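Its first residue numbered 26, the sequence shown is counted upward by one per residue in my numbering.
Below is one structure, written out as structure tokens; comments come after it.
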Amino acid sequence: MQLGMPCTTQSVLKSLTSDANGVPGRFSTLFRSRQVNVSGYSRFRPVLSTIGEESSKVFNHRRNGIGKMVQGDGSECTNSRATVEWCSDKLRDCSLQMSTTRGKSIHCFVIRNEIEPDSHLWISLINFYSKCGYLRCARQVFDKMPAKCVVSWTALISGFVSQGMVAESIELYCAMKAEGVRPNEFTLATVLKGSSMSSDSQTGRQLHADVVKHGVLSDAYIASALIDLYAKFEEMPDAYEVFHMLPRKTPVLWNVMLNGYAEQGNGEKVLELFCEITTEPEISFDNCTLSIVFKGVVGLEDLRVCRAVHSMAIKAKGEEFDDFVRCSLVNMYSKFGKTEDAYKIFLTINRPDSVAWCSIISMFDRQGSKEESVRMFRKMQRSGVRPNQFTLSSVLSAATDIGDVRYGRSIHSCAYKLGFESDVLVSNALIGMYAEFGSIHDGYSLFDRMVNPDVVSWNSLLSGFHNDGSDQGIKIFRQMLVEGFNPNVHTFISILRASSSSSNVETGKQIHSLVVKNSWADHAHIGAALIDVYTKCGCIEDAETVFKRLDEKDVFSWTAMISGHSQSNRGEKAAHLFNRMRREGFVPNEFTLASCLRACSSISSLELGRQLHSLSIKSGNSDDVFAASSLIDMYGKCGCMDDAEKAFDGIPAGDAVLWNTIICGYSQHGDGEKAFGAFKDMLAAGVLPDKVTFIGILSACSRRGLVEEARSHFSSMAETYGITPEIEHYACMVDVFGRAGKFDDVEATIEEMDVAPDSSIWENVLGACKLHGNIELGEKAARKLFELDPDTDSNYILLSNLYSGGKRWTDASRVRASMTGKGVKKEPGCSWMEIDSRVHVFLSGDVSHPRLAEIQDKLEELNRGAVEAGYVANVEIVLRNVTESEKRESLFHHSERLALGFSLIGKANGGGKIRIFKNLRICADCHEFMKFVSMTMSPAREIVIRDAKRFHHFRNGACSCRDYW
């Protein structure tokens, strides 16, 4: 039934006074009128002049008779058909320009003047409202259309598809078929496009059947939509079958097919199709084809193939690529890290788009050229190109790695102004940046404002608690689980690192069980994190179990296990694992080398350390700061400060860790002048000292007895550098004052401490009291030590020696009896040395060595030479009630003397330094003996002994400690 005009007008006016979803009132504001009365058209006259420039030109002219009107350009429409055509044309223009105000004014004009629309005007109205997103209005106009044709159905379906309303578009298509309207190629192509946006592949196949039924499969527009549909459903074999059946393949169809394979990362098929195109003489591929191909072949991960495709393109098309293709080339070469090639092509782009800028900025970021990445971002801003979320996340990553918090905050401000702060990708990068800078509060605040955080958001937040030692990371992880997020690999690694830093083994075990439950136990990186937790919590056996159960070990899991043994003072085990790792074909990285070098330091294995040094040079890791600091530390602890200096001088630019390592090395070797000189050089290089630096400087002052210098450096920590002194710094100051016999300053320093003194403080006090015979303060220090650390044998021995030095034999015996009663055993003196890559160990009074007779003969010879030079055995240090000859005999068989004798016999008797390592502090008599022995040796030889406290370099009758140790 054909509806009359009044009904049509009333319905449409009602729709015009509603928004896109049919909510009343929005269009009334457009007309600046509260109500619209459809019964009286004259009420529109006062407001029509406000609805747009084009409508003003129309409505400011009076109609000249029933079908006559003056158009805005001055020409006249002399009949109603011309008026209808004029309205249709203007509505088409409004659709293209998305001019809703002008389009609605034209519709209002049609209604006001009671113009009877023809089919073309009806379709124009539907098309206008559909394209402008007013689907409710479009549907109402469509429903009132007297005779609906396939074009009107298609226009309405297209509107719903463009707004992503796939289900509604399918329903309309079904309704159209039910009305007996036969779809044309545009209808089918439109509904196929809508179906590709859904997850219902079955509907797509039914539409494919309709295409075949209507015999329009050969239409290029429909074929491309159908191929795209199968590609979106990742059903490329079906897409290829459709493509293969087409009698004529246009460049557009080739591009759709190529893009389908490229989107799925099937570079082989992209290359195969491209080669097929180049062999088809009637097919001429365009720049769009090339951009798709360059994107697709990246998935092959073969630079040679990508270069070959680039060469084929140049051969076929020359170098007349448009900017879009050049941007694709930049992206392709940047993915392979070919910085120079990508940058050269980038410079040829006339107007790089945001994708090209993002590719070049991301490439510099991935290659470690952080400053260049930041520079390119600034250049992008000056060019006027608006950065996207990917660009911002890349430059935030660069700012994080540079460590420039101010620049990072400026990028945050930029993201906020551009409206990207709420973008998940940018928010995650910002949270990670603040976590890296230690600004946990800022990161958490940003996370709290996120509407839809994802797993990466939680992981970024957790990364801020890797090294803080608190349980806050554990709480956040629990909250993540409560909110229903499934942890991934990075989540488990982050939370395990947080557990490791807090030494919370129970939490680590709970997470381990969750790892097993989620089937991640065999993952190499998670395994490495679990090993790290167990080793740092002292559960080395559990760490070994995890390591053995890993099906596929990688360099990270090997490094974690080697580092665990190294940190647990199992240097020999760490070295064994390192050799096994290399035998199994794994290439150590800089962290592996650093961990194994630390193991060499703990066991004083100089030969293995030298081998590792050679390996680091061959592998190109010698300049790595992390490996270099471990190398310097190894040489220092093996008694080779000359080699440590050479390694330090070979690093182009050192950070605080490197400077601290060399300063502490000088301090341990008693070379205070060089330690202070290195400190001055550090400041001159612009490197700020940290708390470790001052431990090395204060220790150097202590070993040299420089009281006033120590006071000055201690004061400068807070006053000049803003460093709050910690327990280690106070221990150094106590040692400085105690060695100098300034016990009033010792007690004043302890009183001024902001933290409770620990065992290191009282050990230094007791040692100083033993040195100066201060029994009263020594007893107080011993009582504190027995409370804090009752199982340490050296505390009892120091107190006993203090009493013995004061001839209080009864008290000394009482302390030793107490020690025996509590089951505390004295650690025996032990010395070792490495000769010809073999470690030889000696205990005090050892009679088990196979060359003991030769060793004793050599010691007798050395003793005679020392006595002739003036050496007198200091039997007073033997605090046992035995005869003097027995005391001399006891001193004669100290472990360091046995090691010295062995080093000077047989094959061991070579030139150069003699390096001996001891677990306890060297006694005063052995110290004196070594000085006299060094007098009898050639000037080129040197005896180096590392005891529990420091290094002693004996040469020409003098020691580097200057008898102050």
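Just so it is clear, CB atoms sit at the ideal spot from N, CA and C, and this is done for glycine as well.
It should be emphasised that the depicted structure is a prediction, and the values quoted were computed from it without experimental measurement.
- Our two residues, Ala842 and Asp972, have alpha carbons roughly 27 Å apart in a direct line.
- Taking a cut-off of 8 Å on C-beta distances, the segment 947-957 does not touch the segment 788-798, as fewer than three cross pairs fall below it.
- Look at the beta carbons and you see the segment 517-527 touching the segment 548-555: at least three pairs across the two are nearer than 8 Å.
- Between the C-alpha atoms of Gln227 and Asp168 there is a straight-line separation of about 29 Å.
- If you draw a 10 Å sphere on the C-beta of Gln122, you find fewer than 16 other C-beta atoms in it, and that means exposed.
- Residue environment for Tyr441: exposed (fewer than 16 other C-beta atoms within 10 angstroms of its C-beta).
- Between Val295 and Ser249 a beta carbon distance of about 17 Å is seen, past the 8 Å cut, so the two are scored as non-contacting.
- The Cβ-Cβ distance between Val323 and Cys313 does not fall below 9 Å.
- When C-alpha distances from Ser220 are compared across Ser187, Ala172, Arg889, the shortest belongs to Ser187.
- When the alpha-carbon of Ala585 is set against those of Phe616, Asn604, Ala672, the nearest one is in Phe616.
- Phe811 sits in a helix when the DSSP states are folded into three classes.
- Under a 10 Å Cβ-count criterion, Gln406 is classified as exposed, with fewer than 16 other Cβ atoms of the shown protein chains found around its own Cβ.
- Taking each of Ser963, Phe472, Leu315, Asp496 in turn and checking the Cα distance to Gly533, the smallest one comes out for Asp496.
- Assignment of Leu271 by DSSP, reduced to helix, strand and coil, places it in the coil class.
- Non-local beta-carbon contacts of Leu254 in its own chain, meaning distances under 7 Å to residues more than five positions away in sequence, involve Leu217, Ser220, Ser221, Gly229 in chain order.
- Rounded to the nearest angstrom, the gap between the Cα atoms of Ala333 and Ser538 is 50 Å.
- By the Cβ neighbour-count rule, Met270 is exposed, with fewer than 16 other Cβ atoms within 10 Å of its own.
- Taking the Cα of Ile657 as reference, the smallest distance to any Cα among Leu683, Ala192, Ser928 is reached at Leu683.
- Counting C-beta atoms within 10 angstroms of its own C-beta, Thr425 has 16 or more neighbours from the protein chains shown and is therefore classed as buried.
- Taken through DSSP and simplified to helix, strand or coil, Ala965 comes out as coil.
- For Phe402, the uninterrupted alpha helix (DSSP H) segment begins and ends at 395-408.
- Excluding the 5 residues flanking it on each side, Asn284 has same chain C-beta neighbours closer than 6 Å at Ile317, in chain order.
- Excluding five sequence positions before and after Phe185, the CB atoms of its chain that fall closer than 7 Å to its own CB belong to Leu160, Glu193, Ser194, Leu197, given in chain order.
- Looking only at Ala807, Ile565, His515, Ile722, the smallest Cα-Cα distance to Cys757 is reached by Ile722.
- For Arg605, the enclosing alpha helix (DSSP H) covers residues 596-608.
- Following the DSSP letters along the chain, one finds His865 inside the beta strand (DSSP E) bounded by residues 863-868.
- Beta-carbon to beta-carbon, Leu791 and Leu824 are separated by about 7 Å, close enough to satisfy the 8 Å threshold.
- One thing to note: Val166 has its Cβ no nearer than 9 Å to the Cβ of Thr212.
- In the DSSP annotation of this structure, the continuous segment of the alpha helix (DSSP H) that includes Trp834 starts and ends at 834-846.
- In the three-state reduction of the DSSP assignment, Lys578 falls in the coil class, being assigned neither a helical nor a strand state.
- Taking the CA atoms as reference points, Ile642 sits about 43 Å from Ile501.
- Closest in alpha carbon position to Phe701, among Ala710, Ile688, Glu885, is Ile688.
- If you look at Trp857, you'll find it in the beta strand (DSSP E) that goes 855-860.
- DSSP places Arg922 in the helix class (H, G or I) of the three-state scheme.
- C-alpha of Leu923 to C-alpha of Glu967: approximately 17 Å in a straight line.
- The residues Ile880, Lys883, Leu884, in chain order, have a CB closer than 6 Å to that of Gly926 in the same chain once the five nearest residues on each side in sequence are set aside.
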